[in-house]
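Reviewing the structure listed below.
Protein chains in written order, with the numbering used here: chain A, 3 to 360; chain B, 3 to 360; chain C, 3 to 360; chain D, 3 to 360.
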């Protein structure tokens with residue numbers, strides 16, 4: 003079970019407002035099981051990563067993102083608590099992780115980066131072990147050699163880089179003020195999914211798990227555009243959950259309680275998350291299964307991914323059983339669901355303490 | 003929220019049978035939230051420690067315990083998974099921990115050791131910060147200087163050592179074949195609790211948290227006798243849960259499923275645990291609140307701690323609200339409570355994988 | 003053996019220019035033994051910390067420093083390599099450490115912080131174990147309780163805070179644009195040294211190590227002024243080495259090679275370091291033993307500490323044997339001393355690689 | 003720069019006698035630079051691993067080795083210090099590592115294991131990045147998928163497993179009391195080297211580093227026989243150093259000082275090491291470059307590897323420049339070379355302290 007979070011803002015935000023202060027941040031989602039809906043799954047205690055871009059205005063800082071990751075639980079990482087209080091960025095990726103494939107190690111931590119690009123994954127490539135050779139033999143040497151760890155996610159990113167390359171974009175070259183462009187990134191992302199689907203179908207038929215679908219919620223950015231998928235290789239199951247929220251400001255109206263302020267129609271702040279970050283139902287829009295979300299110039303676009311797993315008829319329901327069994331379902335919830343939770347001071351103090359130490 | 007586990011056997015047991023293989027081991031209690039009863043609390047993802055004694059028969063191994071501890075979550079620690087499959091002992095302490103006081107660091111990991119002695123704590127000394135100077139000034143230099151970290155638990159152990167010393171036993175001296183003797187250890191333990199109680203009462207009256215009770219489930223051993231308390235400084239609240247089980251063998255009747263075998267009245271195997279390790283109700287006896295358990299020569303003794311917090315009338319119920327708010331209540335449960343839990347293969351594989359790697 | 007480094011600039015500097023890029027940075031001093039002068043000592047592989055202040059101009063970032071520390075060797079820390087390439091500050095403390103007292107743990111990492119203040123130590127308080135109670139009983143509760151770890155250095159910082167408090171300054175209060183003022187900080191620092199000296203003299207006479215001097219190179223800042231001591235409790239031995247350099251710019255004239263540029267008399271850049279950061283002899287001035295250095299408004303002041311360990315006659319030489327035996331002597335060296343060092347590409351690549359990954 | 007050590011004894015030895023107590027153990031080689039001959043190289047501060055077999059007599063312990071590894075420096079690892087004092091084995095592999103290829107992570111720690119087999123490497127496969135695809139495409143799926151990390155060494159082990167498999171031995175099957183047999187293991191090892199040589203020759207000619215030789219000191223065991231190579235793909239350069247010592251007992255004649263006792267001709271104790279573990283010249287025999295050492299039934303056999311890099315004429319000297327540039331040369335040294343080293347008490351205490359804590 004993983005969770006990810008994306009922030010894209012007109013203005014930089016203090017990372018603490020995304021990561022450590024909100025009662026329902028992805029860090030606290032992993033920390034505080036009282037706030038969890040799905041309690042049948044292990045928590046994301048296995049590691050985390052946060053990547054952010056520094057302002058364009060200072061060329062000395064370079065154009066790639068800065069990534070901080072750790073294999074210790076996010077909720078207890080003093081360095082994260084301190085950095086989050088002292089760092090601002092207008093483009094942030096964050097990921098918490100329970101290792102299901104790949105040994106726990108810093109090389110397996112999301113987000114992965116390659117020059118200006120940053121990538122993360124929520125879900126899993128089904129039967130990855132049987133497809134690993136196809137990944138390896140398909141891609142160019144530079145991306146084959148890029149892979150350092152053992153996860154399906156890192157290989158998926160290498161494949162994405164290879165797809166981008168084969169579309170005529172050298173992913174190692176510096177980006178200009180517009181980045182690589184959202185169309186080409188989206189195209190490479192769709193091609194990545196296409197190839198994984200094809201290879202899955204070429205797996206030996208007698209394989210017992212062959213029917214298990216792949217959960218492919220991917221996110222990628224070049225520091226300018228952001229492309230996120232909510233995707234599953236199934237016509238009947240839901241993908242891992244994905245929501246977004248837009249507004250003029252993301253504000254803390256009381257300690258630990260955040261909401262999206264919408265003064266006008268402007269989308270100065272865009273959040274995309276596996277799990278809603280606030281308890282305001284109206285703050286969040288659910289991304290439909292098997293679609294691709296684009297953030298370009300502070301605007302959100304949604305496109306369906308119309309392939310063999312697409313359901314044209316919206317009245318045909320998908321089951322959330324499979325994604326739920328992976329701990330990947332996080333619906334938007336009403337605040338009242340939490341009304342009766344009597345919060346003892348223990349973890350609150352624990353969290354406070356971390357912040358204070360910072 | 004912490005959990006601890008004690009094994010005392012006539013024969014050595016493979017640590018894996020206690021730590022990694024049982025579906026409801028303390029490691030898996032922390033790993034697999036589907037098996038958790040109290041889901042409102044963070045999991046024990048903050049660190050763990052295991053201490054065990056090597057056989058008396060090899061003098062080169064010395065008489066103190068060996069301790070292995072880590073600040074990464076127990077469920078993902080390869081070294082632990084490997085060592086557990088390759089190490090046997092007839093006296094084992096194990097502890098998983100969510101840090102509520104003291105920064106996460108190896109110096110704060112239980113069990114703590116001092117020459118032949120090993121100690122762990124489940125609970126917390128209320129208002130410890132205000133009592134810390136009393137701890138420091140009361141004890142002899144060697145125990146004051148022994149403290150390396152910042153936890154109430156380590157200070158409580160140092161206090162225990164000082165109490166033992168003042169009762170005429172030098173805790174740094176090698177033990178003979180009978181150890182220090184269970185009477186003197188029990189006496190030192192009761193004195194430790196007595197002092198903490200007294201100091202708590204001397205805390206400034208105007209302190210708002212002053213009414214909060216201390217949860218003092220302590221366990222100590224010299225490698226021969228074991229003394230464990232289940233104690234709370236309250237007449238109306240339950241202490242953190244504590245159970246024990248005795249039998250002729252602790253057996254795995256199917257993969258991951260364990261039970262206590264009782265062929266005759268022999269107590270070849272004694273387990274003491276915060277949370278039952280098997281799903282057989284009849285395997286476990288609950289230690290009453292405010293009593294002290296002794297293991298001597300494979301026999302379990304129970305004594306009440308008859309002080310101002312003792313309830314003579316057993317019909318007067320205690321509330322478990324406070325201990326529950328700390329995540330420290332783990333009742334004995336019926337196996338059928340788990341019947342409907344449909345286990346998806348994910349973590350099972352994860353766990354298997356760790357074991358296989360070993 | 004430890005090393006520390008201080009940067010105070012009119013403009014912010016990229017941390018990489020101090021920490022990871024210079025061939026003779028404190029990170030590379032610890033990494034590359036070919037550049038070491040004293041090869042008889044273990045390297046600083048035990049941990050490191052870097053603390054920096056964010057710009058005053060953004061009140062949301064608060065006035066305290068941000069600290070990043072780790073217990074793994076600095077030369078192999080990917081997070082450090084990445085953060086150093088993406089972070090700028092005009093006030094930086096950095097410390098690498100070989101643990102000689104206190105178990106290796108993040109709580110024992112320098113620099114230590116308290117609200118706006120940041121502190122580090124290069125050296126050791128002799129016979130600290132015997133003085134620990136004096137530290138504990140002398141200081142106010144808030145500083146006694148501040149100590150989390152087991153090092154003489156953290157206790158020395160707590161004592162400094164207590165001294166500042168007793169001089170009428172509350173170290174927990176926010177600082178204004180001028181900070182607490184360099185006079186009062188210097189006074190508190192001198193008082194700290196005074197107390198340690200006094201307590202050392204009260205140690206039992208029969209103590210065999212009693213004659214061993216304390217090495218007290220301390221550095222403290224409130225984000226505005228910086229106070230650094232080079233001090234030893236001896237009339238005949240040198241203190242741990244300390245040097246400073248001032249100029250208009252700290253520039254990389256070829257990859258990995260830095261020097262201090264001095265266009266005019268301005269001191270836009272001030273560096274203070276245990277070990278020279280460049281190979282230009284003329285870049286560095288050695289701070290005399292038993293003196294105190296002040297940085298105030300980009301100006302360096304030097305004052306002697308005139309007590310019983312002061313040598314009025316500058317012609318009386320001190321021996322560097324003791325400090326050298328602790329690995330704490332790093333003279334200013336001529337570039338030609340390195341001419342014959344034939345650098346094989348191995349570590350260079352290693353270092354490059356880390357930088358590239360960033 | 004890495005170091006490895008092998009112990010094969012008729013009787014089990016306390017790991018501390020190999021790892022932590024000898025003044026010149028591989029741990030202390032990495033810790034104490036005063037004892038280093040080559041001071042131009044970084045120390046082995048990047049991680050370590052130790053693997054050992056448990057006695058055959060207890061089937062519950064299985065037949066594979068137990069491995070403990072860490073990415074923190076060996077000299078500061080409390081768990082290692084404690085385990086070494088409490089664990090005995092008659093077959094031990096130990097490895098300290100400076101990461102030159104592959105990010106520092108536990109998945110990159112030697113020794114690597116596969117069921118009953120254990121493997122480690124001292125040196126590096128030259129131009130490995132360019133040969134990685136050949137490794138991947140040559141081997142069977144189970145060994146391709148076995149690789150978790152990013153090192154040439156782990157790939158070399160996977161290749162060895164594939165060679166063993168193609169020689170008709172399934173490396174995943176349990177071994178009987180004689181293991182797989184030393185002939186077949188030696189054959190697989192020679193085949194591994196053969197393939198690496200061939201692939202190196204197929205690298206593109208225009209490659210600037212193509213002339214750099216591979217340093218292939220490999221060690222492998224099935225818990226019964228041990229095969230170790232000292233090999234370089236060059237006719238003119240020395241391989242990384244390798245020595246062995248045999249005797250009736252490995253004894254500590256004064257604290258920290260060890261020697262090999264030779265009462266009769268029996269080889270009850272066999273040590274193989276990159277760097278001599280004692281200061282007695284007569285204790286050690288240097289393995290000639292490009293030969294393969296076999297331990298079978300407490301007997302050491304040496305065979306030359308007679309291929310294109312073999313020098314028939316022993317009077318033709320090899321240069322040790324290349325291996326030295328990698329920090330891989332450790333000659334046998336006379337004890338008097340250390341006579342003048344005036345050991346200050348600092349690290350000695352540090353080391354003692356670790357031991358005491360255990």
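We treat Cβ as the ideally placed atom computed from N, Cα and C, and that holds for glycine.
Report task. Output yes or no for whether 7 Å exceeds the beta carbon distance between residue 29(B) and residue 20(B). Result -> No, the pair does not count as a contact, with Cβ atoms beyond the cut-off.
Requested in this report: Determine the direct distance from the alpha carbon of residue 63(B) to that of residue 252(D), and round the result to whole angstroms.
Outcome: If I take the Cα positions, the gap works out to 17 Å.
**Report entry** residue 296(D) at chain A interface by Cβ criterion, 7 Å
**Finding:** Chain A contact via Cβ: absent.
Query raised in the report: Taking Cβ-Cβ distances shorter than 9 Å, what residues in chain D pair up with residue 126(A)?
Result: Near residue 126(A) there are no residues of chain D at all, since even the closest Cβ is about 16 Å away, more than 9 Å.
Query raised in the report: Quick check: the stretch 244-261 of chain C against the stretch 137-154 of chain C, are there 3 or more CB pairs under 8 Å?
Result: Touching, no.
Query raised in the report: Applying a beta-carbon distance threshold of less than 8 Å, which residues of chain D neighbour residue 70(B)?
Result: The contacting residues are 81, 84, 85.
Requested in this report: Using three-state DSSP, classify residue 323(A) as helix, strand or coil.
Outcome: Residue 323(A): helix per DSSP, three-state reduction.
Report task. Mind checking which residues open and close the alpha helix (DSSP H) that includes residue 194(A)? Result -> For residue 194(A), the enclosing alpha helix (DSSP H) covers residues 184-203.
Query - Exposed unless 16 or more other CB atoms sit within 10 angstroms - verdict on residue 301(B) - result: That one is exposed.
Query - Cβ neighbours of residue 293(B) in the same chain (closer than 7 Å, five flanking residues each side left out) - result: Once the five neighbours on either side are set aside, the close Cβ partners of residue 293(B) are 232, 304, 305, 306, 307.
Query raised in the report: DSSP state of residue 54(D), grouped into three classes?
Result: Residue 54(D) falls in the strand class under three-state DSSP.
Requested in this report: Have a look at 92(D), 267(D), 187(D), 16(D) and flag the residue whose alpha-carbon is nearest the alpha-carbon of residue 60(B).
Outcome: Of the listed residues, the one whose Cα sits closest to residue 60(B) is 16(D).
Query raised in the report: With C-beta atoms as the reference, is residue 246(C) less than 7 Å away from residue 271(C)?
Result: No, these two residues do not count as a Cβ contact at 7 Å.
Requested in this report: Check whether the Cβ of residue 147(A) lies closer than 7 Å to any Cβ atom in chain D.
Outcome: Yes, residue 147(A) lies at the interface with chain D (some Cβ there is under 7 Å from its Cβ).
Query raised in the report: For the beta strand (DSSP E) that residue 96(D) lies in, which residues bound it at each end?
Result: That run of the beta strand (DSSP E) goes 90-98.
Query raised in the report: Between which two residues does the alpha helix (DSSP H) harbouring residue 120(C) extend?
Result: From DSSP, residue 120(C) is part of no alpha helix (DSSP H) but of the beta strand (DSSP E) over 119-126.
Requested in this report: Specify the secondary structure class of residue 13(D) as computed by DSSP and reduced to three states.
Outcome: Correct three-state label for residue 13(D): strand.
Requested in this report: Flag this pair as yes or no: are the beta carbons of residue 325(C) and residue 202(C) separated by less than 7 Å?
Outcome: Not closer than 7 Å, so no.
**Report entry** Pair within 7 Å by beta-carbon distance, residue 162(B) and residue 194(B)
**Finding:** Going by C-beta atoms, residue 162(B) is nearer than 7 Å to residue 194(B).
Requested in this report: In the DSSP assignment, find the alpha helix (DSSP H) that holds residue 132(D) and state where it starts and stops.
Outcome: Here the alpha helix (DSSP H) through residue 132(D) covers 130-140.
Query raised in the report: For the alpha helix (DSSP H) that contains residue 168(D), what are its first and last residues?
Result: Unbroken alpha helix (DSSP H) run through residue 168(D): 154-168.
Report task. With a 10 Å radius around its C-beta and 16 neighbouring C-beta atoms as the bar for buried, classify residue 87(D) as buried or exposed. Result -> Buried is the call here.
Query raised in the report: Closer than 7 Å, CB to CB, is residue 150(D) near chain A or not?
Result: It does; some Cβ of chain A falls within 7 Å.
Query raised in the report: Is the CB of residue 138(D) under 7 Å away from at least one CB in chain A?
Result: So, interface residue.
Query raised in the report: Hey, does residue 47(A) have any beta-carbon neighbour from chain C nearer than 7 Å?
Result: Here residue 47(A) scores only 47 on pLDDT, less than 50, and its place in the model should not be relied on; the value that follows carries that caveat. No, because no Cβ of chain C sits closer than 7 Å to the Cβ of residue 47(A).
Query raised in the report: Are at least three pairs of beta-carbons, each pair with one atom in the stretch 120-129 of chain A and one in the stretch 216-230 of chain A, less than 8 Å apart?
Result: Three or more beta-carbon pairs drawn from the stretch 120-129 of chain A and the stretch 216-230 of chain A are found closer than 8 Å, and the two stretches are therefore classed as touching.
Query raised in the report: Under 7 Å, do residue 226(D) and residue 181(D) count as touching if we go by C-beta distance?
Result: Note that the C-beta distance between residue 226(D) and residue 181(D) is below 7 Å.
Requested in this report: Using three-state DSSP, classify residue 87(D) as helix, strand or coil.
Outcome: Here residue 87(D) sits in helix by DSSP.
Requested in this report: Mind checking which residues open and close the alpha helix (DSSP H) that includes residue 144(C)?
Outcome: 143-148 is the extent of the alpha helix (DSSP H) around residue 144(C).
**Report entry** Residue burial classification, residue 268(A) (beta-carbon count within 10 angstroms, cutoff 16)
**Finding:** Residue 268(A) is exposed by the Cβ-count criterion.
Query raised in the report: Quick one, which of 244(A), 185(A), 66(A), 264(A) has its alpha-carbon nearest residue 299(A)'s?
Result: The shortest C-alpha separation from residue 299(A) is found at 185(A).
Query raised in the report: Cα-Cα, which of 198(B), 320(B), 8(B) is closest to residue 51(B)?
Result: Of the listed residues, the one whose Cα sits closest to residue 51(B) is 8(B).
Query - Below-7 Å beta-carbon distance, residue 204(A) vs any chain D residue - result: The beta carbon of residue 204(A) does not come within 7 Å of any beta carbon belonging to chain D, so the residue lies off that interface.
Requested in this report: At 7 Å on the CB atoms, spell out the chain C contacts of residue 88(A), in chain order.
Outcome: Correct list: 56, 63, 68.
Query raised in the report: Got a sec: is the Cβ-Cβ distance from residue 16(B) to anything in chain D below 7 Å?
Result: For residue 16(B), the answer is yes, since a Cβ of chain D falls inside 7 Å of its Cβ.
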